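J.:
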Amino acid sequence: MAEETIGWFAAVDWGSEKHQACVLDARGGVAGEREFPHSGAGLTELADWVRSITGEASVVAIAVEVPHGPVVDVLLDRGFIVHSINPKQLDRLRDRFSVAGAKDDRRDAYVAASGLRTDRHLFRRVQAADPHIAELREWSRLAEERKQERVRLGNRLHHQIWRYYPQLLELTDDVAADWFLDLWTIAPTPAKGEHLRKVAVEQLLKRYRIRRIDAETVLRNLRQPAIKVAEGVAAAASVHIRSLIVRLHLVNRELRDAERKLDELCAAFEGGKQDDVAILRSLPGIGRINLATLLAEASEPLSRRDYPALRTLSGVAPVTKRSGKSHIVIMRYAAHARLRNALDHWALAAVRHDPKSRCRYTALRQRGHSHGRAIRGVADRLLHVAMSPAPCYSDKLRSIPSTIRRPPPKSQFLLFDWSRHSFRPDLLEQIAPRASPVRDAAKAAPAPRAGAQRPGQCEHGAMLPAGRVASSSRRRCGYRPAKIPLASW
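In our numbering, the protein residues as written are 985 to 1473.
1) Within 10 angstroms of the Cβ of Val1007, are there 16 or more other Cβ atoms? Answer buried if so, exposed if not.
2) By DSSP's criteria, Thr1304 is part of a beta bridge. Which residues make up the other side?
3) According to DSSP, is Ala1219 part of a helix, a strand, or is it coil?
4) Going along the chain, which residues of its own chain have a beta-carbon closer than 7 Å to the beta-carbon of Val1362, five neighbours each way excluded?
5) Taking only runs of the beta strand (DSSP E) that begin and end inside the segment 1030–1068, which ones reach a length of at least 3 residues, in chain order?
6) Under 8 Å, with one C-beta from each stretch per pair, do the segment 1096–1103 and the segment 1042–1054 reach the 3-pair mark?
7) Along the chain, where does the alpha helix (DSSP H) containing Arg1324 start, and where does it finish?
8) Helix, strand or coil for Val1183 per DSSP?
9) Quick test of your reading: Leu1246 and Leu1137, contact by CB under 8 Å. State the CB separation rounded to the nearest angstrom.
10) Output needed for Arg1360: all residues of its chain with C-beta closer than 7 Å, excluding positions within five of it in sequence on either side, in chain order.
11) Please report the distance separating the alpha-carbon of Pro1339 from that of Arg1272.
12) What residues in its chain sit with their C-beta under 6 Å from that of Arg1458, if we drop five residues either side in the sequence?
13) Does the distance from the CB of Leu1297 to the CB of His1329 come in under 9 Å?
14) Is it buried or exposed, Arg1306, if we count other Cβ atoms within 10 angstroms and call 16 or more buried?
15) Looking at Pro1172: is its Cβ nearer than 9 Å to the Cβ of Gln1151?
16) Identify every residue that forms a DSSP beta bridge with Leu1008.
17) What residues are listed by DSSP as bridge partners for His1003?
18) Name the DSSP bridge partner or partners of Arg1109?
19) Please report how far the alpha carbon of Phe1107 lies from the alpha carbon of Leu1060, in whole angstroms.
20) By Cβ distance below 8 Å, which residues in the same chain neighbour His1337 in space, the five residues on each side in sequence not counted?
21) Is it the case that the Cβ atoms of Arg1078 and Asp1092 are separated by a distance below 9 Å?
22) Are Asn1199 and Lys1182 close, meaning C-beta to C-beta below 9 Å?
23) First and last residue of the alpha helix (DSSP H) that includes Ser1287?
24) When we look at the beta-carbon of Asp1075 and count the other beta-carbons within 10 Å, is it buried (16 or more) or exposed?
25) Do Ala1326 and Glu1281 count as a contact pair if the criterion is CB distance below 9 Å?
26) Among Val1217, Arg1109 and Arg1288, which residue has its Cα nearest to the Cα of Tyr1148?
27) Nearest to Glu1129 by CA position, among Thr1156, Arg1191, Leu1239 and Asp1364, is which residue?
28) Please report how far the alpha carbon of Gly1085 lies from the alpha carbon of Trp1163, in whole angstroms.
29) In this structure, how does DSSP classify Leu1267 when only helix, strand and coil are distinguished?
30) On the CB-based measure, 16 or more other CB atoms within 10 Å of its CB, does Leu1206 come out buried or exposed?
31) Comparing C-alpha positions only, which one of Glu1119, Trp1123 and Asp1157 sits nearest to Val1135?
32) Thinking just about the alpha-carbon of each residue, which of Val1034, Ala1221, Trp1033 and Trp998 is nearest to the one in Pro1051?
33) Determine the burial state of Ala1096: buried for a count of at least 16 other Cβ atoms within 10 Å of its Cβ, exposed for fewer.
34) Between Pro1385 and the rest of its own chain, which residues show a CB-CB distance below 6 Å, the 5 nearest in sequence each way excluded?
35) What residue range does the alpha helix (DSSP H) around Trp1123 cover?
36) Whole angstroms are fine: how far does the CA of Leu1165 sit from the CA of Lys1190?
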């Protein structure tokens, strides 16, 4: 919607029971103020009241403090142009009208409407949510809630078992696992654990496909000397544990259902125009939970390939405070909590399993940065790779003159290791006919004089890592090697 077609500006200060609305004309005059109850009839009356003043819904811009909720859904369904703003920004706009700190619902609605009229660039346009994204978001949040509840119940179970049955805790660290809960059910006390049969334990481990421990190890732990506790302690703890086990079985079942549903919903997004799922899954360290969180909580920046917005929303971008001679760069705390956690786990997994991410983490640590700063640096790199556009090679090929548009021989692709940007020394000489002359020329080269710069040495004397000499020199010359699949020729 073009900016000049908007002739009315409104705002809704929403609440749990009542919503305060305010409508301004193009010159900032108050056209109406009214309060509406939070109900189906009340929200419908709100939309009808605004339309009775403005005439058409397409010429009205409405400001709200949150980008979701029933108020936003009703306004979008009626065709209004809805904008959202951070409550902290709205609090700063309120200071323009009252420096004394006065605050009430009518004033907040007027401030939001006036701010939308004069500073629309501070507001974010709200679009109707994709139903698949909304479903994925709810399942992702449900899975996270179930995991947190599972941890809480597991900690309580661990404490109750520790009171009288500590030898049982030596079997596993995951006391909330279903097989461990069933094992306690058949041997709830040390006395029953001493008389437990080997066949029963073997059947239990086989049913849950537990292979890291055997029945003999389980029986050996259960038959260790028990702690002497007061009479009635074991019975009292067992009553509490039975209640925890029932809830843990339910949470485990719901968590498995949520993870299965997340896989189905993420698979439904594959094969689209941009195919964000395939791009994110190709990056190291990404998993089911992190993938679902990124698709659910950052669907708009992902679809727009908005790298600055995504790194700001996830808390990866730092905050710079510069004033006079003072220059401070600190961590960004105003970020989406779920996205921040997802990026943190993603970067940690990438550091453990991806050599390039591990090298970047090590380099940041050697420069004196903290662990958290290094992890955010790795996450920033992963976001940059994910948000980088993937240009079509055929479009670039058309821009090359036809006189030089000639594909190089396929042997050059076999001679080059694209992961290290260096020639592969593991190929035979008959496959790499140019390798032998290059090697002979290197051997015949005169020895460097004293004080001369050695290959792989920077101007300041520091040595580059092995395998990075050729790529570093090419980067200084502005060369960027591009990976071209053989199928493109």
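Where is the CB? At the ideal position from N, CA and C, for every residue including glycine. Note that the structure is a prediction, hence the values are computed from the model and not measured.
T.: The answer reads as follows:
1) With 16 or more other Cβ atoms from the protein chains shown falling within 10 Å of its own Cβ, Val1007 counts as buried.
2) In the DSSP secondary-structure assignment, Thr1304 is bridged to Val1313.
3) For Ala1219, the three-state secondary structure derived from DSSP is helix.
4) Hits under 7 Å: Ala1331, Ala1334, Val1335, Ser1341, Arg1344 and Tyr1345.
5) Runs found: 1044–1048 and 1065–1068.
6) Short answer: they touch.
7) Annotation: the continuous alpha helix (DSSP H) that includes Arg1324 extends over Ala1321 to His1337.
8) Correct three-state label for Val1183: helix.
9) Their Cβ separation, rounded to whole angstroms, is 21 Å, which puts Leu1246 and Leu1137 out of contact at 8 Å.
10) The answer, listed in chain order, is Val1300.
11) Cα-Cα distance, rounded: 21 Å.
12) Residue placement at Arg1458 is flagged as unreliable, the pLDDT there being 41, under the threshold of 50; the coordinate-derived value follows with that caveat. Once the five neighbours on either side are set aside, Arg1458 has no close Cβ partner at all.
13) Contact flag unset, no.
14) So Arg1306 counts as exposed.
15) Their beta carbons are not under 9 Å apart, which means Pro1172 does not touch Gln1151 by this criterion.
16) Beta-bridge analysis with DSSP links Leu1008 to Phe993 and Val1014.
17) His1003 is bridged by DSSP to Phe1020.
18) Answer by DSSP bridge pairing, in chain order: His1067.
19) Straight-line spacing of the CA atoms in Phe1107 and Leu1060 works out to 16 Å.
20) Beyond the five residues adjoining it in sequence on each side, His1337 comes within less than 8 Å, by CB distance, of Pro1268 and Gly1269 in the same chain, given in chain order.
21) Arg1078 places its beta carbon less than 9 Å from that of Asp1092.
22) It should be noted that the sequence gives Ala, not Asn, for residue 1199. With contacts defined by Cβ atoms closer than 9 Å, Ala1199 and Lys1182 form a contacting pair.
23) Counting along the chain, the alpha helix (DSSP H) containing Ser1287 begins and ends at Ser1283 to Arg1288.
24) By the Cβ-count criterion, Asp1075 is exposed, with fewer than 16 other Cβ atoms from all chains shown falling within 10 Å of its own Cβ.
25) Yes, the Cβ-Cβ distance between Glu1281 and Ala1326 is below 9 Å.
26) Taking only the C-alpha atoms, the option nearest Tyr1148 is Val1217.
27) For the residues Thr1156, Arg1191, Leu1239 and Asp1364, the minimum Cα distance to Glu1129 belongs to Leu1239.
28) Approximately 58 Å, taken between the alpha carbons.
29) DSSP places Leu1267 in coil when its eight states are reduced to three.
30) Its Cβ being crowded by 16 or more others within 10 Å, Leu1206 is buried.
31) Nearest C-alpha to Val1135: Asp1157.
32) It is Trp998.
33) Burial call: buried.
34) In this prediction, Pro1385 has a pLDDT of 42, which is less than 50 and means its spatial position is unreliable; what the coordinates show is noted afterwards. Beyond the five residues adjoining it in sequence on each side, Pro1385 comes within less than 6 Å, by CB distance, of no other residue in the same chain.
35) Counting along the chain, the alpha helix (DSSP H) containing Trp1123 begins and ends at Pro1115 to Tyr1148.
36) Answer to the nearest angstrom: the Cα atoms are 15 Å apart.
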